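Chains as they are written, first to last, in my numbering: chain A, 975 to 1710; chain B, 17 to 248. Backbone N, C-alpha and C fix where the C-beta goes; we use that ideal spot for every residue, glycine too. The model shown is predicted, which means the values in this text are computed figures rather than measured ones. Below is one structure, written out as C-alpha cells; the observations come after it.
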Amino acid sequence: MTISREALDKVALSEREYSLIVQRLGREPTEVELGMFGSLWSEHCGYKHSKALLKILPSRGKHVLVGPGEENAGAIDIGDGQVLVMKMESHNHPSAVEPYQGAATGVGGIVRDIFTMGARPIALLNSLRFGPLTESRNRYLFNGVVGGIGGYGNCLGIPNVGGEAFFANCFSGNPVVNALCLGIAEKAKVVRAKASGKGNLLMLVGAETGRDGIYGASGLASRTFEEEQELRPTVQVGNPFLEKLLVEACLELAQTDWIVGMQDLGAAGLTSAVVESVARGGGGVEIDVDKVPRRDENMTPYEVMLSESQERMLVIVRKGNENRVKALFDHWELGSHIIGEVTDSSIAVIKEGKEVVAEVPVDLLLSPPLYRRRSKKPAWLTEVQSFDIATIPDLKSRQCNSTLLRLLASPNIASKEWIYRQYDHQVMNNSVVLPGSDAAVLRIKGTGKGISLATDGNGRYCYLDPFLGGVIAVVEAARNLVCSGAEPLAITDCLNFGNPEKDDVYYQLAESIKGMARACRELKIPVISGNVSLYNETKGQAIYPTPVVGMVGIMNDINGYCTMSFKDERDLVFLLGAALSPSEGSLGGSEYLEVVHHLVKGKPTIDLALERRVQRCCLEAIRHGLIKSAHDCSDGGLAVAIAESCIVGDIGFKGAGCRMGGRLDDSLFGELQSRIVVSLPLGSAAKLEKIAARLEVPLALLGKVGGRRLSIENYIDLPLAKRARAWGNGLERSLS
Amino acid sequence: MRFGIVVFPGTWSDQDCHYALHDVLGQEANHIWHKETQFSGYDCIVLPGGFSYGDYLRVGAIARFSPVMAAVERFAHDGGLVIGICNGFQILCEAGLLPGALLPSSHLQYRCQWVNLRVENHYSSFSSECEKGQVLRMPISHYEGNYYADDTALAGLQANGQVVFRYSTPSGEITQQVNPNGSLHNIAGILNREGNVLGMMPHPERACELLLGSVDGNLIWESMIDYLERSS
C-alpha cells in the first residue's frame, strides 16, 4: 500500500477500507477517487454502522408513497391528490464549531431535501440539546444556534412551528441541532432525484462552488474531534436569500415536464449528488469539473467534487429543454450551467477538461462495508438503573409549593417562548396552534383538513434504558399529536449518538432502534425518512443517546383541533390513563430526581398496550367533541401538566379529592407514561366514562377548572401569576 | 377592486396577502414582478413583507431602487392607495414615500408574536371601518420595526393625524411594556401627509380568519375597499 495513514485520516477511511477499494477497483484510486470514496463511505453518507440496525424500523403502510433511503425525503399520501414530504436531519457537528452558520445551513439543507421533490416547504421544527446555560460557552452555542435557525428560516418565509429544547451536562461542547421540514406536493408532480436517460443533461444551479465545507461529511460528521476551532473552515456559510430564490424557481420547474429529476447538493456536495442520482437512474454519468462555476480561484478537481458550498441544486434536464430551463432560472437571477450528461455505462467519469480524473463504477461508490457489532449491555448501565426510592426522603407537604415552582422554572420544563418568538411561526397563513403546545397544528388550505406536528426524544430516559427510551420517544410524539386531535401518520427520525465503535454506544444505538421499532409496530406508525448522527462526543464523553422522533398526523376536520389550555370555569378535569399512584414508583429518570436530588438514576416504565388504548380513547373523545383540553403528562409529572394547562389558559384549578396514596413526590412529580390531563364540561363526563370503560382506560377525576389559584389538596396552593412567572421566565433567567 | 401585490426577490408575504384579499375577501389580486417598469388597472398597490434582496446592506435599501419602485412612486403621487406591510413599510421609508426609518429592535432580536394595536385615526382610507380607539389584534414578525423619526417629523405626524396605529395593551393603554420593538411613541403604522400611503409593521393579512386567531386585519382591507368604492 502506497498511501499514508495521514491521507486516509483526512478522508476518514480505515486501512482495511482502503485495501477493499484497491481490491474492488483493481488498482490504487486517484486522489479524486479517494476523496469520493471517503465521503460516500463515511458514516454520514454511507451509514456503515447503522444500516443493518435501521432495517428493523417498520417503513411500510398504506399511506407511504416514498420510504426511507429511496429519495431525499419520505412521502405519504393524504388524499385529495396531495402528499406530505418530510425529513429531519442533524447539524450537530457544524453547530458545535460555528453555531450560527452550522444551524442556519442545517435549515437550508433540510429545506432543499423537501423542495427537491417538488414539494412546497410549509413547516419547520427543530429539536435542540445543549449543555447547561450556566456555562458561557453553552450560552454562546445556544444563542448562535437559535439565531441561525431564525436567521435562515425567517428569510425563507417558512413558518417554524415547533420543536423542543433540553439541557444536560453531556451536551456541553456537543449540542444536538436537528431540523425537520415538512412540505406538501401534488401527488402527480412529485419529482424524483434520479438521473436517467442517455444524453440527458446535468445542470448545476444556484450558488457558485467554493472551498467551503470540504471534508464536511467525512471529517466533521463522521469522526469525533477535539479542537473545534481548527475545523471552522469546514463549516459552510449560508445565504438564505439565494435559497428562497431556489425554492421558487425549482418549484416552478417541478410543474413542467422539462426535467427527469432534481437532487440537492448537501453532504459530500457534487460527489454524492451526481453519484446518488445516477445510481437511482441505473446508468452512468460523465461530468467536467471545468464547467462548474466557482467563486474561488485555482480549485482542484478534488476540491470541486467535495465542496459543500450551500444553495446548489443538480437538475437533470431532458435533452432539448436546456434553453427553457435556463430561461426559467434566468428569470430568478440564478446561475445554471450544464456540467455533464447521463451515459449508459454504469460508470461515473469525472473529467477536468479532456483529462479523466476519476472513473469508478457507480455501485462501488455506494457499497461501503457494513459493520454489525455485537451488542452487549454495559456493566455501568445496571449500576445507574438500580435505584431504590426509599433512599431519598419523600417531600413534606410544605415543600410541594416551592418544588413545583422550581420545576416550572427549570430550563427543561420552562416555557420555550424565548426561543420560538424569534422564529416566524405564522407566515403562510396556516398556523392554527402555535409553538408552546404539545403539538403544532396547521390547516391545509382548500381541504378542511389539518395536520399536526411534534418532535420528541428524552435523552435521559435513553441513557438509563435505551430500549424504553426509544419506545417512549415514539409514543410521546404520538401522544402529543393525539392531544391535538390528530391521528399519527408517519415518522421521520434523527438518531444522535456517540462513537459507534465503542461497545456501550453501539448497544445504545441498537437498543434505541429496537425500542422505536417496537413502539412503531404497536402504534402502527411507519418511519418514512431519517438521518443518523454518530460520533457526538467531546473529549471522549458521549452525549446522551438521543433518538429524536418527528411525527406528522392528520385530522379530517381542522375545526375539531384541541389545545392544552384549560378553558372555562367549572369544567371538570380528569386524568386519562395510568393510575394516579403508581405502585412501582415513577421517579426513575425524572426531571424531579435530577433537579431536586441531582440524581440521574432508575429507569422509566411503560405499558405499551395501555398506551395505545389511552391514545385511542383521547382521540375518540376529541373527535366526539367531548373534551375542551388535552395535555400530555410528561416532564415534571402530573403537577406540572396541570400547572401548564392553567398557565396557558390563564385560569386556575382546584383539586377535588384526588386520592393520592403512596409518596407525595411520586404522585405529584413522577413521570409515569400513558397519562393525559383532559378538561370537559360536566355534561360530557358520562360519555367520556363510557368510552374509557369500553377501551379499558382508567379515568380519575382530578378536580375543577376555575379561579385564579392552583390548588391540589393540602399540598399545593399557589396564585396563578406566581406560577406563570416562574414558567414564563425560567429560560430567560438562566440566560442572564 | 383590483389589488397589485409587488413581488421582489425575497418577498414572502405576497401569497398571504393574495390569500386574504382574494380567497377571504373576494377581491381581484395580481402579483407584480419587481422588474415591471409600469403597470395599470390597479386600484391599490401592496408592498408585502419578506426579505427583499435578502435585506442585505440595510432593510429595504436595495428594493427601493428596484425597477418597479418608480411606477409605485408615480402611482402614489397620483393619489393611488399604497400599503406597505413590514418589509413593505421599510421600503416605503427608504423610498421617501413615508417619513422616518425602521431601526433594529431595541432588544436586538427578531420577534414573532401577537400584538394589540390601538386605532389612533379612524378616518383614514385604511382605518375607516374601525371604531374610534378600537384595539386590533394582529401578529408582528420582524427584527427592524423600531420606528424612528426626528422631533420635527414626529411633531408633524402627530399634528396631522398621520399616526394610525400604536402598540397598546388589550384594553388600549399605551405602555412601554407592550412596545415590542422600542418604537418611538409605540408607533406601529403611519400615513403620508396626503393620507394615501400607509406603512405598518404588523401583518393584517395574517389576521384574516378566526381559525388563525383574529379577523381584525380584514378591517384594514375593508376600509380600503370602502374608500375605493366610494371614490370610483
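Considered as a whole, the segment 1333 to 1406 of chain A harbours 1336 to 1339, 1353 to 1359, 1374 to 1383, 1391 to 1394 as its complete alpha helix (DSSP H) runs of no fewer than 4 residues, in chain order.
Rounded to the nearest whole angstrom, the CA to CA distance from aspartate 1477 (chain A) to leucine 1483 (chain A) is 10 Å. When C-alpha distances from isoleucine 190 (chain B) are compared across B:Ser144, B:Val131, B:Pro155, B:Asp94, the shortest belongs to B:Val131. Linking isoleucine 156 (chain B) to proline 186 (chain B) through their CA atoms gives a straight-line distance of about 15 Å. Distances from the alpha-carbon of alanine 1615 (chain A) to those of A:Ala1666, A:Glu1568, A:Leu1584, A:Val1547 put A:Val1547 closest. In terms of Cα proximity to glutamate 1017 (chain A), the closest of A:Pro1343, A:Ala1139, A:Pro1352, A:Asn1117 is A:Pro1343. Here proline 1367 (chain A) is exposed, its C-beta having fewer than 16 other C-beta atoms within 10 Å.
Around the CB of tryptophan 1354 (chain A), fewer than 16 other CB atoms lie within 10 Å, so the residue is classed as exposed. The C-beta distance from methionine 1538 (chain A) to serine 1426 (chain A) rounds to 13 Å, too long to fall under 8 Å, and the pair is not in contact. Residue-level contact check: arginine 1395 (chain A) touches chain B, since one or more beta carbons of chain B fall below 9 Å from its beta carbon. For proline 83 (chain B), there are no C-beta contacts with chain A under 8 Å, since the nearest C-beta of that chain is about 13 Å from it. No Cβ-Cβ contact shorter than 9 Å links tyrosine 58 (chain B) with serine 141 (chain B). Only those residues of the segment 123 to 138 of chain B whose C-beta falls short of 8 Å from the nearest C-beta of chain A are listed: Gln125, Tyr126, Arg127, Cys128, Gln129. The beta carbon of glutamate 1496 (chain A) lies closer than 7 Å to those of Leu1582, Arg1586 in the same chain, with the five residues before and after it left out. With respect to leucine 119 (chain B), glycine 100 (chain B) sits apart: the two C-beta atoms are not nearer than 9 Å. Looking at the backbone, the Cα of proline 1214 (chain A) and that of glycine 1611 (chain A) are separated by about 40 Å.
Excluding its 5 nearest sequence neighbours in each direction, asparagine 202 (chain B) has C-beta neighbours in its own chain below 6 Å: Arg182, Tyr183, Ile190, Asn195, listed in chain order. What aspartate 32 (chain B) touches in chain A, judged by beta-carbon distance under 8 Å, is Val1401, Met1402, Asn1403, going in chain order.
With a threshold of 9 Å between beta carbons, phenylalanine 55 (chain B) makes no contact with chain A. Between the C-alpha atoms of leucine 1408 (chain A) and glutamate 221 (chain B) there is a straight-line separation of about 17 Å. For leucine 1039 (chain A), no alpha helix (DSSP H) encloses it; the enclosing beta strand (DSSP E) starts and ends at 1038 to 1040. Between the segment 1222 to 1240 of chain A and the segment 1168 to 1187 of chain A, the count of C-beta pairs closer than 8 Å reaches three or more; the two stretches touch. In terms of Cβ geometry, phenylalanine 55 (chain B) and alanine 87 (chain B) form a close pair [threshold 9 Å]. It is roughly 26 Å from the alpha-carbon of isoleucine 1030 (chain A) to the alpha-carbon of glycine 1157 (chain A). Inclusion of alanine 1093 (chain A) and alanine 1049 (chain A) in the CB contact set at 9 Å is warranted, their separation being smaller than that value. Taking each of B:Gly149, B:Met217, B:Val213, B:Val84 in turn and checking the Cα distance to glycine 205 (chain B), the smallest one comes out for B:Met217. Within the segment 1481 to 1533 of chain A, the complete beta strand (DSSP E) segments at least 3 residues long are 1501 to 1507, 1520 to 1529, listed from N- to C-terminus. At a Cβ-Cβ threshold of 9 Å, threonine 1520 (chain A) and leucine 1469 (chain A) count as neighbours.
When the Cα atoms are used, serine 1246 (chain A) and leucine 1014 (chain A) turn out to be separated by approximately 7 Å. Excluding five sequence positions before and after valine 1299 (chain A), the CB atoms of its chain that fall closer than 6 Å to its own CB belong to Trp1232, Val1291, given in chain order.
In chain order, Leu227 make up the part of chain B whose C-beta sits under 7 Å from the C-beta of arginine 1417 (chain A).
By the Cβ criterion, the segment 38 to 51 of chain B is not in contact with the segment 1684 to 1693 of chain A, since fewer than three pairs of Cβ atoms, one from each stretch, lie closer than 8 Å. In this structure, isoleucine 241 (chain B) sits near methionine 17 (chain B), with a CB-CB distance shorter than 9 Å. Residue contact check for arginine 222 (chain B) against chain A: a CB pair falls below 9 Å. Taking C-beta atoms as the reference points, valine 180 (chain B) and leucine 235 (chain B) fail to come closer than 9 Å. Distances from the alpha-carbon of aspartate 232 (chain B) to those of B:Cys146, B:Arg209, B:Gly188 put B:Cys146 closest.
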